[in-house]
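A.B. asks: Residue numbers (my numbering): 2 to 177.
Ideal Cβ placement from N, Cα and C applies to all residues, glycine included.
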């Protein structure tokens with residue numbers, strides 16, 4: 002016998018979570034899904050001590066990245082996120098990080114280590130992750146200027162992949 006249904010369910014959940022945080026950062030299109038759904042409301046105090054409000058992003062393209070300090074693929078993609086954020090900031094693109102089920106002190110150390118200049122909000126209960134239809138870490142969502150999620154990246158992204166999606170988004174008439 003393989004075990005009780007509860008044991009099997011727990012084992013399957015563990016494997017799914019572990020696989021979500023250990024995917025390779027290949028940057029291929031398999032991890033990108035085109036979607037069309039409204040951006041869930043992101044509001045609150047950031048790990049850095051400022052605040053985030055939905056009105057901050059009206060008329061701007063937004064990249065929302067879910068990460069955690071205990072996620073190795075998140076660590077590998079963070080420098081690319083920062084470079085893309087710097088390159089697109091003056092082109093009407095904002096970034097928000099969401100620290101998923103993590104410790105705020107560890108998140109603050111991460112922000113310092115990687116010199117993250119965009120706001121990062123804490124999601125200790127996973128509420129925002131649920132609102133986004135979150136699959137696993139890392140996860141990145143690209144939102145158009147009208148406030149609709151257009152791309153969901155279900156794996157670690159890289160500079161070329163994310164820049165390509167942003168270029169495509171900014172080329173659309175309604176992007177800015």
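Residue 143: which of 52, 62, 32 sits nearest, CA to CA?
C.D. replies: 62
A.B. asks: Could you say which of 121, 37, 90 lies nearest to residue 48 if we only look at CA atoms?
C.D. replies: 121
A.B. asks: Check residue 79 in the structure and name its three-state DSSP category.
C.D. replies: helix
A.B. asks: If you draw a straight line from the alpha carbon of residue 32 to that of residue 158, how long is it in whole angstroms?
C.D. replies: Near 8 Å, if we compare the C-alpha coordinates of residue 158 and residue 32.
A.B. asks: Have a look at the DSSP bridge pairing and note the partners of residue 51.
C.D. replies: According to DSSP, residue 51 bridges with nothing at all.
A.B. asks: Please classify residue 34 as buried or exposed, where buried requires at least 16 neighbouring CB atoms within 10 angstroms.
C.D. replies: exposed
A.B. asks: Give me the Cβ distance between residue 98 and residue 117, rounded to the nearest whole Å; I'm assuming they're in contact under 8 Å.
C.D. replies: 7 Å
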